[in-house]
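Before any comments, here is the structure.
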Amino acid sequence: MLTVENTVLGVSSSLSGRRWLWRGGEDRVAAAIAQRLMLPEIVSRLLAARGIGIDDAADFLQPTLRVLLPDPSLVTDMDIAADRIADAVRRGETVAVYGDYDVDGACSAALMVGLLRDLGCEVLHHVPDRIKEGYGPNTPALASLVARGAGLVVCVDCGTAAGVALSAIAGQADVIVLDHHKPEGTPPPILATVNPNRVDCASGLGHLCAAGVVFLTAIATVRALRRLGFFAGRTEPDLIGLLDLVALATVCDVMPLTGVNRAFVCQGLKVMARRSRPGITALLQVTQARDRLTAATCGYALGPRINAGGRISEADLGLRLLLCGDPIEATVLAERLEAVNRMRQDVEAGIMQAAMAAAEAQVAAGRAVVLVSGHGWHPGVVGIVAGRIKQRFNRPACVAGFSDGLGRGSGRSIAGIDLGAAMIAARQAGLLVTGGGHAMAAGFSVLADRLAALHGFLDERLSAASAMPSAADLMVEGTLAVPGATAELAAQLERLAPFGAGNEEPILLLHRARVVRADRVGREANTIRAFVQGEADGPRLKAMMFRAGEGAVAEALLARDGGVPLHLAGHLRAEEWNGSAAACFVVLDAAPA
694 MLTVENTVLG
704 VSSSLSGRRW
714 LWRGGEDRVA
724 AAIAQRLMLP
734 EIVSRLLAAR
744 GIGIDDAADF
754 LQPTLRVLLP
764 DPSLVTDMDI
774 AADRIADAVR
784 RGETVAVYGD
794 YDVDGACSAA
804 LMVGLLRDLG
814 CEVLHHVPDR
824 IKEGYGPNTP
834 ALASLVARGA
844 GLVVCVDCGT
854 AAGVALSAIA
864 GQADVIVLDH
874 HKPEGTPPPI
884 LATVNPNRVD
894 CASGLGHLCA
904 AGVVFLTAIA
914 TVRALRRLGF
924 FAGRTEPDLI
934 GLLDLVALAT
944 VCDVMPLTGV
954 NRAFVCQGLK
964 VMARRSRPGI
974 TALLQVTQAR
984 DRLTAATCGY
994 ALGPRINAGG
1004 RISEADLGLR
1014 LLLCGDPIEA
1024 TVLAERLEAV
1034 NRMRQDVEAG
1044 IMQAAMAAAE
1054 AQVAAGRAVV
1064 LVSGHGWHPG
1074 VVGIVAGRIK
1084 QRFNRPACVA
1094 GFSDGLGRGS
1104 GRSIAGIDLG
1114 AAMIAARQAG
1124 LLVTGGGHAM
1134 AAGFSVLADR
1144 LAALHGFLDE
1154 RLSAASAMPS
1164 AADLMVEGTL
1174 AVPGATAELA
1184 AQLERLAPFG
1194 AGNEEPILLL
1204 HRARVVRADR
1214 VGREANTIRA
1224 FVQGEADGPR
1234 LKAMMFRAGE
1244 GAVAEALLAR
1254 DGGVPLHLAG
1264 HLRAEEWNGS
1274 AAACFVVLDA
1284 APA
């Protein structure tokens, strides 16, 4: 049973209402890692807390494809797919690539289109319009690609559940699906379905995003062409140069940054830093991303803008940017995406206030699941709104926008609550027109007269969510006094990067930090910049709080009432200033000391 005594510093309800709990690890394992690899104690403890064993620690800290890349042939249907794509290359066939409108879909399509063009193929591509066509392959689009000469259609980041649509071109073109979404039944009756989440696939690679699956297919295809002597007298394609796309997709599709995914992101960021892909280079310039490229660059700077086209504008705008070889044209496309992203933010803001108010009322009424909707709410942003509601209330959240009696929605869930399975069950029970997803996210469409029944169904099926605390627990991995929060320590912590799903950035506590100065900065004054001290004559440490609205944590930082101490929870990072490194503490939460 949880008591005040076994919380961190006795904090059972912080200023944001969160419990602070220790994220434990085995001391014996941590000591062994430190001894074998000559690591600082804090780094070895963080590795142990992440479940990294003694034998895996070196590869975790220095992930390489040489060690971690699996044999593509382990994935069911991979060799069939690679041989057919290789045959299309040898015969000079026209190949169509059918993608999806999110970042993983755009990166997957760009990777496959770029590879095939590099190998000499004529390549068509199509990304469906979110509103007019919906997700996945549809018969009119497939028929159009075949009519334009495609003898092979490669579906990336989609197609696993599209058996009916794909059967419409049976006998007219071969179809290959390269996907990672969990299937509900048997694969579609096509030439090959390369999906590590197939029930009959024993590869153990279900943690790959679609772009990771496409990259393995590229390796298998080049290997098949090599066996056939295709590269006699010609240069093989630079597959390593495609890893910027794989890294971007892996981060933005929130795949676990462990194993081969970790190698993909580490190596892909190095490729991205070369600035050799004009589309990504232009987008980095537009977003003014001047710092060293990290997973956060992908997740917060690049990803939302590439997504924006598919959410509220031209579905293939992100793909066209990633494929663009002309720096001038790439700048034009990047600026267009930046403008579309600002439009997306405006559309999202127009929905957020009403959605949050409705969500607050439902949580107060004891609903296990938040389900809010509105007429005219844009279906391209409802997933973002659902994610914000989930973060705010620590409840599964679904948001739908209605038009002509049909609501198109998206949901986000919390750890331990499988929303995707619940949506599939709701569809099977006749409550949804369409619905599916995975544990943490789902998409659905629902008729207006079924909305209340859907809410009741989800409440009952996911009733365990009602017992969750009102704010997610904060898992803490160490405590520091202000003088110990140095740039040198931040550099040691950085050895565990890239951070993201499955390898969260360490959360540390600043013990009894006194705020000596704080103010709001930034274009919208939504960031707090503060300086904190331990003792009155001790060193000062810069602290930042982003997305600092009107909550209790922001108010406490700004109060500065005579230097009353606070416990601060957050991330310790190093930043460059005038050519030297300095420490900065990014505040996530606070509690009275």
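To convert, take the position in the sequence shown, counting from 1, and add 693; that gives our numbering. We put the CB at the ideal spot given by N, CA and C, even for glycine.
* Asked: How is residue 948 classed by DSSP in three states: helix, strand or coil?
  -> Against the sequence shown, residue 948 aligns to sequence position 255. Here residue 948 sits in coil by DSSP.
* Asked: Since residue 815 is in the beta strand (DSSP E), which residue starts that stretch and which ends it?
  -> Residue numbering aside, residue 815 sits at position 122 when the sequence shown is read from its first letter. Its beta strand (DSSP E) spans residues 815 to 819.
* To do: Would you grab the beta carbon distance between residue 1250 and residue 1278 for me? Rounded to a whole angstrom, and I think it's under 8 Å.
  => As a working mapping, residue 1250 is identified with position 557 in the sequence shown. As a working mapping, residue 1278 is identified with position 585 in the sequence shown. That belief does not hold up - the Cβ atoms of residue 1250 and residue 1278 are roughly 11 Å apart, past 8 Å.
* Expressed to the nearest angstrom, what Euclidean distance is found between the alpha-carbon atoms of residue 868 and residue 773? -> Within the sequence shown, the letter at position 175 stands for residue 868. Within the sequence shown, the letter at position 80 stands for residue 773. Straight-line Cα distance between these residues: approximately 11 Å.
* **Simplified DSSP assignment, three categories, for residue 1192** => Numbered from its first residue, the sequence shown carries residue 1192 at position 499. Here residue 1192 sits in coil by DSSP.
* To do: Counting only the same chain and skipping the five closest in sequence on each side, list residues whose C-beta sits under 8 Å from that of residue 777.
  => Taking the sequence shown and counting its residues from 1, one reaches residue 777 at position 84. Here the set comprises 845, 867, 869, 884 and 885.
* Determine, using beta-carbon pairs with one atom in the region 896 to 913 and one in the region 1087 to 1102, whether at least three such pairs fall under 8 Å. => no
* Beta-carbon spacing of residue 958, residue 763 below 8 Å -> Taking the sequence shown and counting its residues from 1, one reaches residue 958 at position 265. Taking the sequence shown and counting its residues from 1, one reaches residue 763 at position 70. Not in contact: residue 958 and residue 763 (Cβ atoms no closer than 8 Å).
* Between residue 1219 and residue 1165, is the Cβ-Cβ spacing less than 8 Å? -> Here residue 1219 refers to the residue found at position 526 when the sequence shown is read from its first residue. Here residue 1165 refers to the residue found at position 472 when the sequence shown is read from its first residue. It is not a contact, given that the beta carbons lie outside the stated cut-off.
* Asked: In angstroms, rounded to a whole number, what distance separates the CA positions of residue 758 and residue 996?
  -> The residue you call residue 758 lines up with position 65 of the sequence shown. The residue you call residue 996 lines up with position 303 of the sequence shown. Cα to Cα, the separation comes out at about 24 Å.
* Asked: Grouping DSSP H, G and I as helix and E and B as strand, with all else coil, what is residue 1281?
  -> For the purposes of this step, residue 1281 is taken as the residue at position 588 of the sequence shown. Residue 1281 falls in the strand class under three-state DSSP.
* **Proximal residues to residue 1023 (C-beta, below 6 Å), its chain only, five neighbours per side dropped** => Residue mapping note: residue 1023 aligns to position 330 of the sequence shown, counting from 1. Within the same chain, residue 1023 has close Cβ partners 971, 972, 975 and 1017.
* To do: Using only alpha-carbon positions, find the residue among 1000, 839 and 1070 that is nearest to residue 864.
  => The sequence position of residue 864 within the sequence shown is 171, counting from 1. The residue with the shortest Cα to Cα distance from residue 864 is 839.
* Asked: residue 1287 bridges to which residues according to DSSP?
  -> The chain is shown from 694 up to 1286; residue 1287 falls before or after that span and cannot be answered.
* From the DSSP output, which residues share a beta bridge with residue 1226? -> Your numbering for residue 1226 matches position 533 in the sequence shown. DSSP lists 1207 and 1233 as partners of residue 1226.
* **Minimum C-alpha distance to residue 1269 - residue among 1232, 1239, 892 and 1181** => Sequence index remark: in the sequence shown, residue 1269 carries index 576 (1-based). The shortest Cα separation from residue 1269 among 1232, 1239, 892 and 1181 belongs to 1181.
* Is residue 1119 helix, strand or coil when you go by DSSP? -> Within the sequence shown, residue 1119 is the residue found at index 426, counting from 1. Here residue 1119 sits in helix by DSSP.
* Answer yes or no: do residue 1029 and residue 1012 have a C-beta to C-beta separation smaller than 8 Å? => Here residue 1029 is taken as the residue at index 336 of the sequence shown, counted from 1. Here residue 1012 is taken as the residue at index 319 of the sequence shown, counted from 1. No, the pair does not count as a contact, with Cβ atoms beyond the cut-off.
* To do: Go ahead and label residue 1246 buried or exposed: buried means 16 or more other beta carbons lie within 10 angstroms of its beta carbon, across all protein chains shown.
  => Position 553 of the sequence shown holds residue 1246. Result: buried.
* State the beta-bridge partners of residue 1063 as determined by DSSP. => Within the sequence shown, residue 1063 is the residue found at index 370, counting from 1. Per DSSP, 1090.
* Check the C-beta distance from residue 704 over to residue 715 and give it rounded, since I have them as a contact under 8 Å. => As a first step, residue 704 must be located in the sequence shown, where it is residue number 11. As a first step, residue 715 must be located in the sequence shown, where it is residue number 22. Not really, about 11 Å apart at Cβ, beyond 8 Å.
* Straight-line gap, residue 823 to residue 1004 (C-alpha atoms, nearest Å) -> Position 130 of the sequence shown, counted from the start, is the residue given in the question as residue 823. Position 311 of the sequence shown, counted from the start, is the residue given in the question as residue 1004. In a straight line, the C-alpha of residue 823 is about 7 Å away from that of residue 1004.
* Anyone know if the C-beta pair for residue 1148 and residue 1056 falls short of 8 Å? -> Locating residue 1148 in the sequence shown gives position 455, counting from the first residue. Locating residue 1056 in the sequence shown gives position 363, counting from the first residue. Contact: no.
* Asked: Just the Cα atoms here: how many angstroms apart are residue 1065 and residue 1054?
  -> The residue you call residue 1065 lines up with position 372 of the sequence shown. The residue you call residue 1054 lines up with position 361 of the sequence shown. The alpha-carbon atoms of residue 1065 and residue 1054 are separated by roughly 10 Å.
* Candidates 1212, 783, 791 and 1069: closest to residue 833 by CA position -> Walking along the sequence shown from the start, residue 833 turns up at place 140. Taking only the C-alpha atoms, the option nearest residue 833 is 791.
* C-alpha gap between residue 1190 and residue 1140, whole angstroms -> As a first step, residue 1190 must be located in the sequence shown, where it is residue number 497. As a first step, residue 1140 must be located in the sequence shown, where it is residue number 447. Whole-angstrom Cα-Cα distance: 45 Å.
* Asked: Taking just the CA atoms, how far does residue 1125 sit from residue 1159?
  -> As a first step, residue 1159 is located in the sequence shown; it is residue number 466 there, counting from the start. As a first step, residue 1125 is located in the sequence shown; it is residue number 432 there, counting from the start. Using only the alpha carbons, I get a separation of about 23 Å.
* **Burial state of residue 1083, where buried means 16 or more other Cβ atoms lie within 10 Å** => The residue labelled residue 1083 in the question sits at position 390 within the sequence shown. It is buried - the Cβ of residue 1083 has at least 16 other Cβ atoms within 10 Å.
* Tell me whether residue 931 sits in a helix, a strand or coil according to DSSP, three-state version. => Position 238 of the sequence shown, counting from 1, holds the residue named residue 931. DSSP places residue 931 in coil when its eight states are reduced to three.
* **Through-space distance from residue 924 to residue 732, alpha-carbon basis** => Counting from 1 along the sequence shown, the entry for residue 732 is found at position 39. Counting from 1 along the sequence shown, the entry for residue 924 is found at position 231. Whole-angstrom Cα-Cα distance: 45 Å.
* For residue 1072, which residues of its own chain have a beta-carbon under 6 Å away from its beta-carbon, when the five flanking residues on both sides are left out? -> Numbered from 1 along the sequence shown, position 379 holds the residue referred to as residue 1072. 1094 and 1101, listed in sequence order.
* Nearest-angstrom beta carbon gap, residue 1283 and residue 1265 [assumed within contact, 8 Å] -> Along the sequence shown, one-based indexing puts residue 1265 at 572. Along the sequence shown, one-based indexing puts residue 1283 at 590. So it is not a contact: roughly 15 Å between Cβ atoms.
* **Status (buried if at least 16 other CB within 10 Å, exposed otherwise) for residue 1068** => Taking the sequence shown and counting its residues from 1, one reaches residue 1068 at position 375. Looking at its Cβ environment, which holds fewer than 16 other Cβ atoms inside 10 Å, residue 1068 is exposed.
* Three-state secondary structure (DSSP) of residue 1258 -> Numbered from 1 along the sequence shown, position 565 holds the residue referred to as residue 1258. It is a strand residue.
* To do: Report the rounded CA-to-CA distance for residue 812 versus residue 891, giving the unit in angstroms.
  => As a position in the sequence shown, residue 812 is number 119, starting the count at 1. As a position in the sequence shown, residue 891 is number 198, starting the count at 1. Answer to the nearest angstrom: the Cα atoms are 29 Å apart.
* **Contacts around residue 770, its chain only, beta-carbon distance under 6 Å, and the 5 residues preceding and following it disregarded** => Within the sequence shown, numbered from 1, the residue matching residue 770 stands at position 77. Contacts found: 885, 886 and 887.
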